[in-house]
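S.K.: Per our numbering, residue 622 is the first one in the sequence shown, and the count goes up by one each step. Every residue gets a Cβ at the ideal spot worked out from N, C-alpha and C, and that includes glycine. Dropping the structure in here first, questions after.
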Amino acid sequence: MSNGSSTERQRQSVTVIGLGPMGQAMAGAFLDRGYDVTVWNRTASRADALVARGAVLAPTVAEALAAHELVILSLTDYDAMYATLGAAESALTGRVLVNLSSDTPEKARAAARWAAERGAVQLTGGVTVPPSGIGQAESSTFYSGPREVFDRHRPALEVITGRTDHRGEDPGLAALMYQIGMVMFWTSMLSYWQAVALADANGLSAADVLPHAVETANSLPGFLSFYAERVDAGRHTGDVDRLAMGMASVEHVLHTNADAGVDTTLPATIVELFRRGMDTGHAADSFSSLVELMKKAEA
């Protein structure tokens with residue numbers, strides 16, 4: 622058989638380990654595209670629907686690893702990866718582990734070293750969509766690790782999400798980009814829950830304030846773009862806004878929530894951060910100067 626045919630066969634087969642909602646969606650997407658799919662999950666019954674569609678359920682992790690070169694890991698975190706693969710280390714030789722488990726950049730780097738010591742290669746991945754976005758052309762995933770391995774398996778990776786963004790050789794970079802997104806997502810959603818709680822305390826429903834909430838959220842990209850260049854240049858001049866003005870505003874937010882009897886943990890934390898900025902002499906600067914408080918202190 623020609624080398625081309627062999628490569629094509631490798632690209633048309635995959636193992637998926639971990640069948641939570643995300644893993645099931647990934648395995649389903651590969652089945653939809655005609656891949657030979659082997660699956661394994663600690664609770665085997667989660668594979669029933671996939672097996673009915675043509676997937677092969679491996680009885681052991683070692684057999685799942687041995688089935689195909691390309692192995693997709695969709696686990697809770699990297700500790701779960703060690704717990705799952707630790708008993709099957711001898712089967713890791715020659716495998717490409719696409720680790721889509723969520724964890725820190727440092728843990729991603731340590732896992733890449735662990736895999737290399739056992740003859741495997743890790744591509745770190747950070748999927749930016751929920752399970753409903755798997756298999757969609759507009760969805761995207763960050764990757765990092767060996768570029769040659771990424772390029773060789775890119776057709777399979779594009780089954781998971783149509784857009785694939787390789788961020789570099791450092792295995793921690795994809796995890797970093799994913800966590801940057803999570804910083805913004807969780808904090809933004811908490812601000813929405815705060816707004817809904819405040820609305821509820823004043824007799825309004827989430828539906829009542831939804832148009833205003835969406836309009837406010839849609840205004841944020843303009844602010845992000847405007848401040849990015851200024852922040853990178855370390856330019857926090859108060860020509861557009863001043864921290865002192867922002868301080869008054871966030872205190873009004875805090876008092877409004879307190880007056881309504883709503884939990885004030887989130888707005889009080891924001892006020893404290895603004896107060897720190899004021900105390901360090903940034904009252905006349907832009908509120909973007911707060912980013913300097915958040916940066917890692919220089920040695």
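#1: Exposed or buried, what is residue 724 when buried is set at 16 or more other beta-carbons lying within 10 Å of its beta-carbon?
#2: If residue 792 sits next to residue 729, beta carbons under 8 Å apart, how far is it from one beta carbon to the other, in whole angstroms?
#3: Does residue 841 come out as helix, strand or coil in the three-state DSSP assignment?
#4: DSSP three-state call for residue 871: helix, strand or coil?
#5: Would you tell me roughly how many angstroms separate the C-alpha atoms of residue 641 and residue 695, rounded to the nearest one?
#6: Please report how far the alpha carbon of residue 708 lies from the alpha carbon of residue 679, in whole angstroms.
#7: Taking just the CA atoms, how far does residue 705 sit from residue 911?
#8: Give me the DSSP bridge partner(s) of residue 799.
#9: When you compare only the Cα positions, how much space is there between residue 703 and residue 880?
#10: Quick one: using the 10 Å Cβ neighbour count with 16 as the cut-off for buried, is residue 651 buried or exposed?
#11: For residue 874 and residue 895, I'd like the C-alpha separation in whole angstroms.
#12: Going by C-alpha to C-alpha distance, which of 821, 861, 646 sits closest to residue 906?
#13: In chain order, what residues of the same chain have a beta carbon less than 7 Å from the beta carbon of residue 771, not counting five sequence neighbours either side?
#14: What three-state label does DSSP hand residue 639 in the structure shown?
#15: In this structure, does DSSP put residue 878 in helix, strand or coil?
#16: So, do the stretch 647-662 and the stretch 755-763 have three or more beta carbon pairs nearer to each other than 8 Å?
#17: Assign residue 837 to one of two classes, buried (16 or more other C-beta atoms within 10 Å of its C-beta) or exposed (fewer than that).
#18: If I measure Cβ to Cβ from residue 876 and keep anything under 7 Å in the same chain, skipping five residues before and after, which residues do I get?
M.R.: Concretely, from the data shown:
#1: The residue is buried, with at least 16 neighbouring Cβ atoms inside 10 Å.
#2: 5 Å
#3: helix
#4: helix
#5: 8 Å
#6: 15 Å
#7: 42 Å
#8: DSSP lists no beta-bridge partner residue for residue 799.
#9: 49 Å
#10: buried
#11: 13 Å
#12: 861
#13: 744, 764, 787
#14: If DSSP states are grouped into helix, strand and coil, residue 639 belongs with coil.
#15: helix
#16: yes
#17: exposed
#18: none
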